[in-house]
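In the UniProt record's numbering, the protein residues as written are 1 to 150. Backbone N, C-alpha and C define an ideal beta-carbon position, used for all residues, glycine too. In this text, all values refer to a predicted model and were calculated from it rather than measured experimentally. All remarks here apply to the structure that follows.
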Amino acid sequence: RSESRGLRAGWCCWKSWLLPDLLLMQRSPRSRFLPSAAARVLMQPAAEVREGDAVTLTCEAARPAATYAWYKNGRQLPRGSAATLLFPSVGAEDAGAFHCQTSSGDTAAPVSLRVLLDGPWREPGRWGGWHGDMQGDGSCRMLMEHRGAL
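Put into structure tokens, the structure is as follows:
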């Protein structure tokens with residue numbers, strides 16, 4: 001048996017370099033060229049939306065696929081197997097990192113959906129009024145008014 005980089009033949013030692021349109025996988029002593037297979041998630045209208053807005057996620061893959069699996073924060077969603085994931089009216093619970101995987105083996109990098117939640121203006125009191133936006137990821141932004149100035 002021959003040895004390659006301290007490993008016995010039968011155990012392959014792979015190196016990968018991402019080239020513009022090819023994934024070059026070098027195997028000692030032979031080389032193979034394989035087309036790159038990538039997917040990506042397209043989000044409409046944007047990655048940051050207000051509570052109640054409609055959002056569409058589309059899995060766009062380099063190779064045709066019969067089915068698609070959707071993941072939120074690393075966990076597979078029980079929803080269908082279509083290339084499109086629809087949210088007719090987003091809420092705080094819909095915020096997170098989404099990615100898709102196709103039955104042909106392509107996987108997309110995660111994209112983040114942020115949901116802005118509008119809090120009501122509080123009536124001016126002793127210290128002034130305030131308004132807060134809470135995002136689905138738990139962070140928030142608060143505007144305070146004191147004596148007519150924000």
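Alpha-carbon spacing of residue i relative to residue j, whole angstroms
{"i": "K15", "j": "V41", "result": "For K15, the predicted structure reports a pLDDT of 31, less than 50, and the residue's modelled location is therefore unreliable. A value from the coordinates is still provided. The straight-line gap from Cα to Cα measures roughly 27 Å."}
{"i": "G105", "j": "R50", "result": "33 Å"}
{"i": "G52", "j": "A97", "result": "18 Å"}
{"i": "Y68", "j": "S112", "result": "18 Å"}
{"i": "F33", "j": "G91", "result": "Low confidence applies to F33: its pLDDT is 34, below 50, so where it sits in the model is not reliable, and the reading given next is rough at best. C-alpha separation (whole angstroms): 45 Å."}
{"i": "T56", "j": "A66", "result": "20 Å"}
{"i": "S81", "j": "A39", "result": "15 Å"}
{"i": "L23", "j": "A54", "result": "With a pLDDT of 31 at L23, under the threshold of 50, the modelled position of this residue cannot be trusted; read the value that follows with caution. The alpha-carbon atoms of L23 and A54 are separated by roughly 37 Å."}
{"i": "T102", "j": "Q44", "result": "20 Å"}
{"i": "E93", "j": "L77", "result": "13 Å"}
{"i": "L86", "j": "A46", "result": "13 Å"}
Residue i and residue j closer than 8 Å at C-beta
{"i": "A83", "j": "T107", "result": "no"}
{"i": "A95", "j": "R79", "result": "no"}
{"i": "H99", "j": "P110", "result": "yes"}
Whole-number beta carbon distance between residue j and residue i, since they are thought to touch under 8 Å
{"i": "L116", "j": "E48", "result": "6 Å"}
Item to check | the segment 49-62 contacting the segment 71-78, beta-carbon criterion three pairs below 8 Å | outcome: Using a C-beta cut-off of 8 Å, the segment 49-62 makes no contact with the segment 71-78, since fewer than three inter-stretch Cβ pairs fall below that distance.
Checklist entry - In the segment 55-128, which residue ranges form an unbroken beta strand (DSSP E) of at least 3 residues, counting only runs that do not cross its ends? => result Restricting attention to beta strand (DSSP E) runs no shorter than 3 residues, the segment 55-128 encloses them at 55-61, 68-72, 84-87, 96-102, 111-118, ordered along the chain.
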